[in-house]
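Quick note on this note's numbering: the sequence shown kicks off at 21 and runs consecutively.
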Amino acid sequence: MSDTIERVMVITAHPDDSEFGAGGTVARLVKEGREVTYVIATNGDKGSGDRTMTSARLAPIRAEEQRNAARTLGVARVVFLGYPDGELEDTRDLRRDVTREIRRWRPDLVITMNPHRTYNLYASHRDHRTVAGVALDCIYPLARDHLSFPELMPEFEPHKVREIHLMQWENPQLVVDITEVMDLKLKALACHVSQVGDFAGVETRVRERSAEIGRARGYAYAESFDRILMPR
Ligand SMILES: [Zn+2]
């Protein structure tokens, strides 16, 4: 990780994506003194198997859970874009909203999801692919070029992101040792009460998966990413 990274933005689709994919990395970044902002595209209002639950009730519950998880990790702020869960499309509105937040909070590093379909269907949810593709398009060229989204000017000046980490498990380029912050990641995940009913089962799966990712590098627990360095 470059020493010159001061501000970090994590752009994901749903409340809980940041913790599952990058909670340990976020905890480390915060401990190292970086300022972390979350941008969450949807309100997570479809994520329930409870037949008595409604989308209208679920959205504020998930927002509160996400704020609790972010506070646990020391994340500076959470921005909810409020799009409906499961219906995220690569629209001008979404690209403008993500571009605006990048220009507002000016991250050096953006962590986002995987834009590609993989056969790990939970990880490659449609909204995940969409938000990741949009995030990349907003980093380049939309946040960088002053003539993109003229309605954002002059309040939101162009901004150049320097580095991107994409959550990725198949031959990742970057493996982050999260051993020392694993307990904190689990504590943050446990804040998503509506999503992790049987937390013991979730904890077992997360520990097994993180151990598997770390094994080749000799880390007890790890998270993994592809890494893009933007040319200066
Ligand atoms: Zn998700």
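Virtual Cβ for every residue (Gly too), placed ideally from N, Cα, C.
Should T74 and D147 be called a contact, given that it needs their Cβ atoms to be closer than 8 Å?
No. Outside cutoff.
Taking just the CA atoms, how far does V195 sit from R237?
Rounded to whole angstroms, R237 to V195 spans 8 Å at the Cα level.
Looking at A42 and ligand 1, is the gap between the Cβ and the nearest heavy atom below 7 Å?
Ligand 1 never approaches A42 closely enough for any of its heavy atoms to be under 7 Å from the residue's Cβ.
Which complete beta strand (DSSP E) runs does the stretch 33 to 104 hold, if anything under 3 residues is left out?
Counting whole runs of 3 or more residues, the stretch 33 to 104 contains the beta strand (DSSP E) stretches 55 to 62, 97 to 103.
Considering only DSSP beta bridges, list what L194 is partnered with.
Bridge partners of L194: F245.
Can you tell me whether V213 is buried or exposed? The criterion is at least 16 other CB atoms within 10 Å of its CB, across all chains shown.
So V213 counts as exposed.
On the DSSP letters alone, give me the boundaries of the beta strand (DSSP E) that G25 sits inside.
It should be pointed out that residue 25 corresponds to Ile in this sequence rather than to Gly. It is not in any beta strand (DSSP E) - I25 carries neither H nor E in the DSSP assignment.
Cutoff 8 Å; reference M250; Cβ partners in own chain excluding five residues on either side
If the five residues before and after M250 are omitted, its C-beta is found closer than 8 Å to the C-beta atoms of I159, Y160, K180, V181, R182, E183, I184, all from its own chain and listed in chain order.
Would you kindly work out how many angstroms separate the C-alpha atoms of E190 and D70, rounded to a whole number?
Spanning the two alpha carbons is a distance of roughly 33 Å.
Contact test: H145 Cβ vs ligand 2 heavy atom, cutoff 7 Å
You won't find ligand 2 in this model; what it holds is ligand 1.
May I ask which residues mark the beginning and end of the beta strand (DSSP E) holding H185?
From DSSP, the beta strand (DSSP E) with H185 extends over 183 to 187.
Less than 8 Å separating the beta-carbons of V28 and L129?
Contact annotation: V28 and L129 have beta-carbon atoms nearer than 8 Å.
Would you mind sorting L206 into buried or exposed? The rule is 16 or more other CB atoms within 10 Å of its CB.
With 16 or more Cβ atoms within 10 Å of its Cβ, L206 is classed as buried.
Status (buried if at least 16 other CB within 10 Å, exposed otherwise) for N140
When all chains shown are included, N140 counts as exposed.
So for V216, helix, strand or coil by DSSP?
DSSP places V216 in coil when its eight states are reduced to three.
Any heavy atom of ligand 1 closer than 7 Å to the Cβ of D65?
Checking the Cβ of D65 against ligand 1 gives no.
Member of D110, T119, N134, V226 whose CA lies at the smallest distance from the CA of V59
Nearest of D110, T119, N134, V226 to V59, Cα basis: T119.
Name the residue from R235, A89, R123 whose alpha carbon lies nearest to the alpha carbon of E175.
Nearest in C-alpha terms to E175, of all of R235, A89, R123, is R123.
Rounded C-alpha distance that separates R115 from D157
If you take the alpha carbons of R115 and D157, they lie about 8 Å apart.
Rounding to the nearest angstrom, what Cα-Cα distance links Y241 and E171 in this structure?
Within the model, the alpha-carbon separation for Y241 versus E171 is close to 44 Å.
Would you say D37 touches ligand 1, meaning its beta carbon is less than 7 Å from a heavy atom?
The answer is yes for D37.
What is the residue span of the alpha helix (DSSP H) that V151 lies within?
Where V151 is concerned, the enclosing alpha helix (DSSP H) stretches over 146 to 157.
Just the Cα atoms here: how many angstroms apart are L93 and G43?
The alpha-carbon atoms of L93 and G43 are separated by roughly 8 Å.
Please classify L129: does DSSP put it in a helix, a strand, or coil?
Under the three-state reduction of DSSP, L129 is assigned to strand.
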